[in-house]
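Heads up, the sequence shown is in the working numbering, so the first residue is 247 and it goes up one at a time. Okay, structure first, notes after.
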Amino acid sequence: MNRNGRRIKSQIEILGDKSISHRALMISSISKGISRINNFLFSHDSISTLNCLRKLGVRIEVDNEKVLVYGNGLSSFKFYEGVLDARNSGTTMRLLSGILSGHKFKSIIDGDTSLRRRPMDRIIKPLSLMGAKIFAGREGKFCPIHIIGGKLNSISYKMEVDSAQVKSSILFAALYGDSTTKIYEKIKTRDHTERMLKYFGGKIEVNNEEISIKSSELISREVFIPGDISSASFFMALAGALKDSELLIKNVGINETRTGIIDVLKEMGVEVELLNVREDSFEKICDIKVYGAKELKPIKISGGIIPRLIDEIPIICVLCAFAKGESILENLSELRYKESDRIKSVVCEFKKLGIEIYELDDGIKIVGGKETKGGKVNSHNDHRIAMALTILSYISGENIEILNSECVDISFPDFYHKLKSIF
Ligand code: S3P
247 MNRNGRRIKS QIEILGDKSI SHRALMISSI SKGISRINNF LFSHDSISTL
297 NCLRKLGVRI EVDNEKVLVY GNGLSSFKFY EGVLDARNSG TTMRLLSGIL
347 SGHKFKSIID GDTSLRRRPM DRIIKPLSLM GAKIFAGREG KFCPIHIIGG
397 KLNSISYKME VDSAQVKSSI LFAALYGDST TKIYEKIKTR DHTERMLKYF
447 GGKIEVNNEE ISIKSSELIS REVFIPGDIS SASFFMALAG ALKDSELLIK
497 NVGINETRTG IIDVLKEMGV EVELLNVRED SFEKICDIKV YGAKELKPIK
547 ISGGIIPRLI DEIPIICVLC AFAKGESILE NLSELRYKES DRIKSVVCEF
597 KKLGIEIYEL DDGIKIVGGK ETKGGKVNSH NDHRIAMALT ILSYISGENI
647 EILNSECVDI SFPDFYHKLK SIF
């Protein structure tokens, strides 16, 4: 397909992974010694974590894309009398709550209006079982949350939602536990925390769906943050949808818990090559080459693959809009609790562009391959919706005006600049 006559012949590099950047800061902060983080992502969300950690007394020095964290050990945070502001970042709030649950003072964490509607009971329940005293705002489920931490009990916990944020929050709290904490996942979610904790000397073992972790001192390390596959996915989709394109994306993280987008692209008829595959400290990295498809095929996705592409659903929906036939994406209930209700945001905005799309209970149906039109749409202040709509406009060649498009800074500050650079 090449609706607008454009094609890409280019090479780019994507900024560091957001999930791994948050974890690198947090884990370095509770390790002993100076950790150096290379290729750290300076986006709004990861800066929220950095600011909170500084308020908790952690010395963090920044030099270009390198960050030096002066860690003082597991229980080294200092009481902060103000409110820790996670702003738009669910990862900051949920993961930091795990660490604060192991600290013997009261902390308050809050966020913006989007974060105030995202459920926190999913972490409050396990952290309370471990002995932390947590009080939440509205209905006891939403932030601001107040945490009084201390020495914790180790627990056995069956995950109720497929969420790496919840799992990571428990893993962090488990570092302050009195024996072994066990976590059982029905469906495996991203495992960056497990890998990084092990790399920093944590006593953690993973056997299929069982994760065991004991209280352990962590030792500082040097970390390289791979390029973010979730950010790369917007460029992979664009190149894949424009016939005769070739795009090389250098140094992208390809942890198997994140590569669902590659499987989907291939299933839709896009050729994707993984070149120069290597392991850097604790994550797999490669260069990804994408070739534009002649035409895109519709898909059906549900079940175990969903956590492996949970953040890529908006951009997958864009591809489905250009794939001739009916695509059905199911088991997406978690999308309702992201930066916006992404099922509603996608359906509502795509409709404005003439796309045949339906909201299902826990999914989305798209009848693709028809004419689309231009128009005014809204990002719902959700970075991934803004980027998906932008890519949609590039594929369709239509003029699409996006309200609040600057919210891409949450995860991908140079998105628009990079996009211009590849043509
Ligand atoms: C993240 C996990 C995912 C993802 C989010 C980042 C993480 O959320 O959607 O963007 O860094 O652990 P859930 O774990 O809540 O599904």
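Glycine is no exception: its CB is placed at the ideal position from the N, C-alpha and C atoms.
How is residue i classed by DSSP in three states: helix, strand or coil?
i	result
residue 348	coil
residue 208	Because the chain is modelled from 247 through 669, residue 208 falls outside the range shown and cannot be assessed.
residue 392	strand
residue 522	strand
residue 571	strand
residue 309	strand
residue 274	helix
residue 667	helix
residue 255	strand
residue 609	strand
residue 648	strand
residue 398	strand
residue 284	strand
residue 279	strand
residue 383	coil
residue 546	strand
residue 603	strand
residue 506	helix
residue 404	strand
residue 513	helix
When every heavy atom of the ligand S3P is checked, does at least one fall within less than 7 Å of the C-beta of residue i?
i	result
residue 431	no
residue 580	yes
residue 436	yes
residue 444	no
residue 268	yes
residue 359	no
residue 208	For residue 208 there is no data in the structure shown, the boundaries of the chain being 247 and 669.
residue 337	yes
residue 556	yes
residue 343	no
residue 584	yes
residue 409	yes
residue 642	no
residue 591	no
residue 414	yes
residue 265	yes
Closer than 7 Å by C-beta to residue i: which residues in its own chain qualify, once you throw out the five before and the five after it? Chain order, please.
i	result
residue 268	292, 295, 337, 338, 341
residue 648	623, 625, 632, 635, 636
residue 300	306
residue 362	388, 389
residue 614	544, 566, 567, 568, 569, 570, 571, 573
For residue i, which residues of its own chain have a beta-carbon under 6 Å away from its beta-carbon, when the five flanking residues on both sides are left out?
i	result
residue 287	261, 262, 264, 267
residue 596	603
residue 626	586, 591
residue 414	341, 439
residue 358	333, 334
residue 396	350
residue 408	433, 435, 553
Can you round the beta-carbon distance between residue i and residue j to whole angstroms, since I take them to be within the 8 Å contact cut?
i	j	result
residue 634	residue 560	4 Å
residue 555	residue 610	Not confirmed; about 13 Å, so no contact.
residue 254	residue 668	5 Å
residue 588	residue 581	4 Å
residue 278	residue 319	5 Å
residue 276	residue 312	Not really, about 20 Å apart at Cβ, beyond 8 Å.
residue 347	residue 393	6 Å
residue 281	residue 315	5 Å
residue 257	residue 494	4 Å
residue 410	residue 436	4 Å
residue 646	residue 620	5 Å
residue 485	residue 538	6 Å
residue 455	residue 507	Rounded, the Cβ-Cβ distance is 23 Å, inconsistent with contact.
residue 505	residue 567	With a Cβ gap of about 23 Å, residue 505 and residue 567 do not count as contacting.
residue 577	residue 601	The pair is not a contact, with the Cβ atoms about 22 Å apart (cut-off 8 Å).
residue 354	residue 330	7 Å
Take residue i and list the residues in its own chain whose beta-carbon comes closer than 8 Å to its own, dropping the five residues that flank it on each side.
i	result
residue 498	260, 472, 473, 474, 475, 478, 531, 532, 533, 534
residue 442	266, 269, 270, 273, 469, 528
residue 372	401, 403, 412, 415, 416, 419
Mind pulling the alpha helix (DSSP H) runs of 4 or more residues that sit fully within the segment 423-503?
438-445, 475-487
Continuous alpha helix (DSSP H) assignments of at least 4 residues falling wholly in the segment 576-600
588-598
Write down every uninterrupted run of the alpha helix (DSSP H) in the segment 314-381 whose length is 4 residues or greater and which is fully enclosed by it, in chain order.
For the alpha helix (DSSP H) assignment, the uninterrupted runs of no fewer than 4 residues enclosed by the segment 314-381 are, from N- to C-terminal side, 336-346, 367-375.
Which ranges does the alpha helix (DSSP H) cover as unbroken runs of at least 4 residues, wholly within the segment 617-662, from first to last along the chain?
629-642
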